[in-house]
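Asker: One structure, as structure tokens, below. Some questions next.
Residue numbers (our numbering): 1 to 275.
Here it is, written out as structure tokens:
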């Protein structure tokens with residue numbers, strides 16, 4: 001027979017103790033949390049992936065701490081799809097459950113697109129980094145969609161001064177956008193941003209290339225030289241021309257092949273409001 005245990009007194013909620021330093025914390029929560037999610041896929045409706053999440057809230061100066069376990073409780077209650085439609089629900093639930101005036105959710109995840117080689121038409125999957133950032137505070141709700149796309153760039157200066165050949169490198173184009181009301185009827189897909197990034201570089205990347213394909217993309221890059229500044233401007237112009245996009249940040253990073261440093265170019269832009 002097991003011995004009877006003494007009744008335990010209720011455990012104190014230490015997080016609710018007051019703090020006399022009077023310093024609010026802008027964001028506090030959990031980060032580097034890997035979690036299965038489902039995201040929208042333009043070709044196949046949806047795609048399962050695993051995201052690295054960061055969930056946080058604002059902590060007023062008079063609270064000692066937040067309730068970390070509640071982040072996971074809310075997440076598990078809303079397991080599944082993370083999109084522009086579902087994120088506000090999860091974020092508002094975080095605000096309510098953690099008694100906070102502001103909440104944030106960030107998600108980074110591998111997103112796979114099927115690509116066809118330019119000559120042999122062999123198909124393969126290429127992984128792209130997708131990104132969501134949802135927030136809600138006194139100013140309202142916010143949603144940012146982002147992608148980081150690997151591409152090829154070839155240096156125009158190297159092509160101009162060389163007797164033959166030119167140095168090229170793998171580049172990464174990161175695009176983050178906020179949508180306008182026009183996107184309610186014509187949603188901006190991650191595939192749309194990927195296409196813009198690839199069209200703005202010297203050549204796209206593929207997971208699978210046979211020799212005829214390699215020849216094609218090598219010559220394609222040679223025929224389309226672009227500085228890191230050119231690529232960022234190419235992307236920016238295409239985004240500015242899209243009425244569905246109200247704000248964007250573009251950053252291009254070239255992993256230099258003849259230097260031991262990288263080169264980058266970045267553009268921030270907000271669509272002017274009509275007077």
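Yeah, the Cβ is synthetic: ideal placement off N, Cα and C, and Gly gets one too.
Our contact map puts residue 59 next to residue 33 with C-beta atoms below 8 Å; I'd like the distance itself, whole angstroms only.
Answerer: The residue given as residue 59 occupies position 59 in the chain shown. The residue given as residue 33 occupies position 33 in the chain shown. Actually they are not in contact, since the Cβ atoms of residue 59 and residue 33 sit about 18 Å apart, beyond 8 Å.
Asker: Give the straight-line distance between the Cα atoms of residue 208 and residue 113, rounded to the nearest whole angstrom.
Answerer: For the purposes of this step, residue 208 is identified with residue 208 of the chain shown, where counting begins at 1. For the purposes of this step, residue 113 is identified with residue 113 of the chain shown, where counting begins at 1. Each residue's Cα considered, the two are about 13 Å apart.
Asker: My guess is that residue 78 and residue 66 are in contact by the Cβ rule of under 8 Å, so how many angstroms apart are they, rounded?
Answerer: Counting from 1 along the chain shown, the entry for residue 78 is found at position 78. Counting from 1 along the chain shown, the entry for residue 66 is found at position 66. Their Cβ separation, rounded to whole angstroms, is 19 Å, which puts residue 78 and residue 66 out of contact at 8 Å.
Asker: Mind checking which residues open and close the alpha helix (DSSP H) that includes residue 231?
Answerer: Along the chain shown, one-based indexing puts residue 231 at 231. From DSSP, the alpha helix (DSSP H) with residue 231 extends over 228 to 240.
Asker: Under a Cβ-count criterion, where at least 16 other Cβ atoms within 10 Å of its own Cβ denotes burial, should residue 252 be classed as buried or exposed?
Answerer: Taking the first residue of the chain shown as 1, we reach residue 252 at position 252. Residue 252 should be labelled buried.
Asker: Taking the C-alpha atoms as reference points, what is the distance between residue 249 and residue 236?
Answerer: The residue labelled residue 249 in the question sits at position 249 within the chain shown. The residue labelled residue 236 in the question sits at position 236 within the chain shown. The straight-line gap from Cα to Cα measures roughly 8 Å.
Asker: Are the beta-carbon atoms belonging to residue 147 and residue 202 less than 9 Å from one another?
Answerer: Stepping through the chain shown from its first residue, residue 147 is reached at position 147. Stepping through the chain shown from its first residue, residue 202 is reached at position 202. Contact: no.
Asker: Hey, would you say residue 109 sits closer than 9 Å to residue 157, going by beta carbons?
Answerer: Here residue 109 refers to the residue found at position 109 of the chain shown. Here residue 157 refers to the residue found at position 157 of the chain shown. For residue 109 and residue 157, no; Cβs fall outside 9 Å.
Asker: Rounded to the nearest angstrom, what separates residue 48 and residue 179 at their Cα positions?
Answerer: Translated into the one-based positions of the chain shown, residue 48 becomes position 48. Translated into the one-based positions of the chain shown, residue 179 becomes position 179. Cα to Cα, the separation comes out at about 24 Å.
Asker: Assuming residue 244 contacts residue 183 (C-beta within less than 8 Å), just tell me the rounded distance between them.
Answerer: By one-based count along the chain shown, residue 244 stands at place 244. By one-based count along the chain shown, residue 183 stands at place 183. Right, the Cβ-Cβ distance comes to about 4 Å (below 8 Å), so this counts as a contact.
Asker: Would the beta-carbon of residue 142 fall within 9 Å of that of residue 133?
Answerer: Working through the chain shown from its first residue, we reach residue 142 at position 142. Working through the chain shown from its first residue, we reach residue 133 at position 133. With respect to the 9 Å criterion, residue 142 and residue 133 are classified as neighbours on the basis of their beta carbons.
Asker: How would you write the range of the alpha helix (DSSP H) that residue 196 sits in, first residue to last?
Answerer: On the chain shown, residue 196 is found 196 positions in, with the first residue counted as 1. It spans 190 to 199 - the alpha helix (DSSP H) in which residue 196 sits, taken as one unbroken run.
Asker: For residue 80, tell me which candidate among 92, 39, 96, 258 has the shortest Cα-Cα distance.
Answerer: By one-based count along the chain shown, residue 80 stands at place 80. Closest by alpha carbon: 39.
Asker: Taking the continuous alpha helix (DSSP H) assigned at residue 92, which residues delimit it?
Answerer: Residue 92 sits at position 92 when you count from the first residue of the chain shown. 87 to 97 is the extent of the alpha helix (DSSP H) around residue 92.
Asker: In three-state terms, what does DSSP make of residue 208?
Answerer: Stepping through the chain shown from its first residue, residue 208 is reached at position 208. Residue 208 falls in the coil class under three-state DSSP.
Asker: What is the residue span of the alpha helix (DSSP H) that residue 160 lies within?
Answerer: Sequence index remark: in the chain shown, residue 160 carries index 160 (1-based). Looking at the DSSP string, the run of the alpha helix (DSSP H) that includes residue 160 is 156 to 161.
Asker: Please list the segments of the beta strand (DSSP E) lying wholly inside the segment 103 to 179, counting only runs of 3 or more residues, in order along the chain.
Answerer: 103 to 116, 123 to 137, 140 to 154, 168 to 179
Asker: Pick from 193, 164, 263, 185: whose alpha carbon is nearest that of residue 222?
Answerer: Looking up residue 222 in the chain shown gives position 222. Ranking the options by Cα distance to residue 222, first place goes to 164.
Asker: Does the beta-carbon distance from residue 46 to residue 92 come in below 9 Å?
Answerer: The residue you call residue 46 lines up with position 46 of the chain shown. The residue you call residue 92 lines up with position 92 of the chain shown. Contact flag unset, no.
Asker: Within the continuous beta strand (DSSP E) that includes residue 44, where are the two ends?
Answerer: In the chain shown, residue 44 corresponds to position 44, counting from 1. It is not in any beta strand (DSSP E) - residue 44 carries neither H nor E in the DSSP assignment.
Asker: Kindly indicate which three-state DSSP category residue 70 falls into: helix, strand or coil?
Answerer: Here residue 70 refers to the residue found at position 70 of the chain shown. Note: residue 70 maps to helix in three-state DSSP.
Asker: Take residue 122 and list the residues in its own chain whose beta-carbon comes closer than 6 Å to its own, dropping the five residues that flank it on each side.
Answerer: Locating residue 122 in the chain shown gives position 122, counting from the first residue. Excluding five sequence positions before and after residue 122, the CB atoms of its chain that fall closer than 6 Å to its own CB belong to 208, given in chain order.
Asker: Compute the Euclidean distance between the alpha carbons of residue 224 and residue 166, then round it to the nearest angstrom.
Answerer: Working through the chain shown from its first residue, we reach residue 224 at position 224. Working through the chain shown from its first residue, we reach residue 166 at position 166. The straight-line gap from Cα to Cα measures roughly 12 Å.
Asker: Does residue 115 pass the burial test, meaning 16 or more other C-beta atoms within 10 Å, or should it be called exposed?
Answerer: Taking the chain shown and counting its residues from 1, one reaches residue 115 at position 115. So residue 115 ends up on the buried side.
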